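Visitor: For reference, the structure I am asking about is given below.
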Amino acid sequence: MHIPKRYGQSRIDKCPFCGKQGVTENPQGVPVCPAHKSQNLSELKCLCGSYVDILSGKWGAYAKCMKCGNVNLGRILEMNPQQKPQQQNQEEKTSEKQQEKREITVRSDELDFLY
Numbered sequence: 609m610h611i612p613k614r615y616g617q618s619r620i621d622k623c624p625f626c627g628k629q630g631v632t633e634n635p636q637g638v639p640v641c642p643a644h645k646s647q648n649l650s651e652l653k654c655l656c657g658s659y660v661d662i663l664s665g666k667w668g669a670y671a672k673c674m675k676c677g678n679v680n681l682g683r684i685l686e687m688n689p690q691q692k693p694q695q696q697n698q699e700e701k702t703s704e705k706q707q708e709k710r711e712i713t714v715r716s717d718e719l720d721f722l723y
């Protein structure tokens with residue numbers, strides 16, 4: 609069964625920091641979400657172990673390795689898991705603390721808490 613392509617769904621770029629849809633570009637030319645438009649990707653390594661340069665071309669961002677040549681940026685990002693920004697880490701810690709302090713009252717006629 610053939611499903612035709614729809615306009616705007618053939619290529620959807622994701623932010624390498626959070627995974628949301630990338631609608632803007634950072635200074636390196638990588639598509640990112642508006643929250644991360646000022647952050648740069650740094651110290652990315654290729655599959656061979658050497659560092660890569662991030663370049664922007666006609667068909668989007670790509671990485672250039674001295675040994676391997678031009679490499680897809682998606683492949684490089686898979687091999688280099690990015691750390692979350694410090695602001696998000698602090699927000700997650702506060703939300704975890706709030707969840708720990710949450711109090712649940714269970715009555716004897718409620719049995720759905722067991723599931």
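Count along the sequence shown from 1, then add 608; that gives the number in the working numbering. Glycine included, every Cβ here is placed at the ideal spot set by N, Cα and C. Because the structure is a prediction, the values reported are computed rather than measured.
What ranges does the alpha helix (DSSP H) occupy inside the segment 620-691, keeping only unbroken runs of at least 4 residues that lie completely in it?
Guide: As far as the segment 620-691 is concerned, its whole alpha helix (DSSP H) runs of at least 4 residues are 681-687.
Visitor: From L663, S716, K672, pick the residue whose C-alpha is nearest to that of P635; which is it?
Guide: As a first step, residue 635 must be located in the sequence shown, where it is residue number 27. Nearest of L663, S716, K672 to P635, Cα basis: L663.
Visitor: Please report the straight-line C-alpha distance between W588 and A643, rounded to a whole angstrom.
Guide: In the structure displayed, the chain extends from 609 to 723; residue 588 sits before or after that span and is not available.
Visitor: If distances are taken between C-alpha atoms only, which option among G630, C626, I620, P689 comes closest to L654?
Guide: Numbered from 1 along the sequence shown, position 46 holds the residue referred to as residue 654. Here the sequence assigns Cys to residue 654, which means Leu is not the residue at that position. When only C-alpha atoms are compared, the closest one is P689.
Visitor: Given a cut-off of 8 Å on the beta-carbon distance, is the pair C656 and C641 in contact?
Guide: In the sequence shown, residue 656 corresponds to position 48, counting from 1. In the sequence shown, residue 641 corresponds to position 33, counting from 1. Not in contact: C656 and C641 (Cβ atoms no closer than 8 Å).
Visitor: Would you kindly work out how many angstroms separate the C-alpha atoms of R614 and G630, rounded to a whole number?
Guide: Residue mapping note: residue 614 aligns to position 6 of the sequence shown, counting from 1. Residue mapping note: residue 630 aligns to position 22 of the sequence shown, counting from 1. Rounded to whole angstroms, R614 to G630 spans 19 Å at the Cα level.
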